[in-house]
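Structure first, commentary second.
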Amino acid sequence: MSRNFLVIEPEEGIAVLKGLASLARISMLKLLHEKGPMNVNDIAAVLSLPQSTVSTNIQVLEDAGLIRTENHRAKKGSQKICYPTAEEVLVVFKSEYRAVKNNAIEVSMPIGLYTGFEVTAPCGLCSPDGIIGLLDVPNTFLDPDRMKAGLLWFTRGFVEYQFPNNAKLANAEITELEVVMELSSEVPGTSADWPSDITLTINGVDVGTWTSPGDFGDKRGVFTPSWWKLKGSQYGKLKNWRISTDGTYVDGVRISETSLAVLDLKGHHSIRIRIGVKDDAKRPGGINIFGKGFGNYDQDILLRIKTG
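Our numbering puts the first residue of the sequence shown at -18, with every later residue one more than the last.
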C-alpha cells in the first residue's frame, strides 16, 4: 500500500500553516479524506458554504500543497475536482543537523520518520523497547509509534524520507551528496546467502543499486536489544552512496553515471531519499533498515551535503 505524509519546518512551511489555520479549510480537508475526491459544488453543498467561499479556500489549500485539483469535463463546461495530498502533516521545529569540516552539512533522519511508503509483507517495525503494531501488516507503517523505530523491514516496495535542502537555504553550491545507512537483506529467520538488490532513489531519480549478500544473524548486533530474538536479523552493512559531478559511488566504487546535475537539487527545497526493493529486481531479497538502538552502528539515516 502507498500513503503520503507531509513534513514541514515552520520557517519553510508558512503556506501550510496558513492553510490549516481555518475551520472551514479543516472541514474541507476532513471531507476529502472521508469521502474522496469531490468537486467544488459538492463540497459547498455538504458543508453548507457559499460556492465563492469554497473556491477561495480551495485555492489557499492548493497553494499550500495540501490538495491538488484537476479540471474535468462536465455537462456544462468543466468542473474542478479536488484531491487530498497527504494523510498526515508533521511539523518539525528543529532538524537534527550540524555543520562539519570541509564545508559540509549533516542531517540525521530517524528511520521511522518516512514521509511515504509502499511495502509488502513480510514486513514490520520495532523500537528498542518492543515490536510496533502488528507484524506482516503493511498498515502498521501508519502507526504513530513508527517515530520510535530502530528497525524496519519489508519484502518489496520502499520507504521515502524528505530531508531539508540546507544548501539551498544557505545559497551554497552542492559539490557532493552522501547517503549513509545500515542495511541487509530480509528473509524469514536469517541467511548469510540471501542476495537482494537494494535501490537508492533521489528526487525521483534512481541513482544506483547495491546487492546485499544476505540477512545477517550469526551473532547479536552490537546495539541490538537483548529481547530481540537471536534468529531475527541482527545487523547490516554500513553503506555509503556518494553522488558527485561525475557519477554515483557505493563505498568508493563507481556504480552508475548518475550525477548531481541529473538530480536538479537547485530546483528543490527538499531532498527526497527513497530506499527499497523494486518489483522487477533480479534478486528481490527484501530489506532491513537499522537505526538507533539496533544493528552495529547505532545511527539514523545520514545525509551529508558537501558544498563548494
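Glycine residues also receive a C-beta, built at the ideal position from the N, C-alpha and C atoms.
Everything numeric in this text was worked out from a predicted model, so none of it was measured.
C-alpha gap between residue i and residue j, whole angstroms
i     : j      : result
S177  : V258   : 8 Å
K247  : T239   : 16 Å
E68   : G0     : 15 Å
V3    : I(-11) : The sequence shown places Ser at residue 3, not Val. The straight-line gap from Cα to Cα measures roughly 18 Å.
N22   : V70    : 26 Å
N147  : N221   : 20 Å
E167  : R137   : 10 Å
R6    : V41    : 9 Å
N277  : V234   : 23 Å
G(-6) : D199   : 46 Å
Q215  : T182   : 25 Å
W209  : D279   : 15 Å
I155  : L30    : 48 Å
E43   : G274   : 40 Å
K11   : E163   : 38 Å
K56   : G131   : 54 Å
Y64   : A26    : 17 Å
P265  : W175   : 9 Å
L(-2) : T66    : 15 Å
R201  : I256   : 24 Å
From the options, residue whose alpha carbon lies closest to that of residue i
i    : options                   : result
Q32  : D126, M162, K61 and I48   : K61
I254 : T156, A130 and F139       : F139
E157 : C63, R223 and F197        : R223
P194 : V243, D187, I179 and E87  : I179
K263 : D44, T192 and A55         : T192
D260 : E15, V72, V100 and S59    : V100
I270 : G217, V234 and D245       : G217
T288 : Q280, G274 and L241       : L241
N184 : N38, V243 and I286        : V243
L283 : Y142, L13, C63 and L28    : Y142
M128 : C107, S8, A102 and P119   : C107
T229 : G202, P206, V188 and D245 : V188
R49  : E159, H14, T190 and H249  : H14
R54  : T34, N20, I39 and V186    : N20
N38  : P18, M9, D117 and G267    : M9
V72  : L(-13), D110 and A(-4)    : L(-13)
Element boundaries [alpha helix (DSSP H), containing residue i]
i    : result
S36  : Q32 to D44
S237 : That residue, S237, is in no alpha helix (DSSP H); its beta strand (DSSP E) goes V234 to S237.
N22  : V21 to L28
M162 : Element bounds for M162: not the alpha helix (DSSP H) but the beta strand (DSSP E), I155 to S165.
A173 : Counting along the chain, A173 falls outside any alpha helix (DSSP H), and DSSP gives it neither H nor E.
L13  : L4 to K16
L181 : Careful: L181 lies outside any alpha helix (DSSP H), inside the beta strand (DSSP E) at S177 to I183.
Residues bridged to residue i (per DSSP)
i    : result
I48  : P65
P145 : S251
V258 : G138
V231 : W222 and V234
C107 : I112 and L132
R264 : DSSP, once it has assigned bridges, lists no residue as partnering R264.
Nonlocal neighbours in the same chain, by C-beta distance under 6 Å from residue i, ignoring five residues either side
i    : result
A80  : Because A80 sits at a pLDDT of 46, beneath the cut-off of 50, its placement in the model cannot be relied upon, and the following sentence gives the value as read from the coordinates. So the qualifying residues of the chain are I86.
K212 : G170
A173 : G195
G114 : T121 and D124
V161 : N221 and L283
Residue interval of the beta strand (DSSP E) (run including residue i)
i     : result
L219  : K218 to S225
G111  : G111 to I113
A85   : A85 to M90
V188  : V186 to S193
K(-1) : Counting along the chain, K(-1) falls outside any beta strand (DSSP E), though it belongs to the alpha helix (DSSP H) covering I(-5) to L1.
L241  : It is not in any beta strand (DSSP E) - L241 instead sits in the alpha helix (DSSP H) that spans L241 to L244.
Spatial neighbours of residue i in its chain, beta-carbon cut-off 8 Å, leaving aside the 5 residues before and after
i   : result
Y78 : For Y78, the predicted model reports a pLDDT of 43, less than 50, meaning its position is unreliable and no value from the coordinates is stated.
Beta-carbon proximity list for residue i, same chain, < 7 Å, skipping 5 on both sides
i    : result
D281 : S89, M90, P91, I92, G272 and K273
V186 : T239, V243 and L244
W134 : C104, G105, E167, S214, G267, I268 and N269
Check: residue i C-beta below 7 Å from any heavy atom of the ligand ZN
i   : result
E68 : This structure lacks the ligand ZN; in fact it carries no ligand of any kind.
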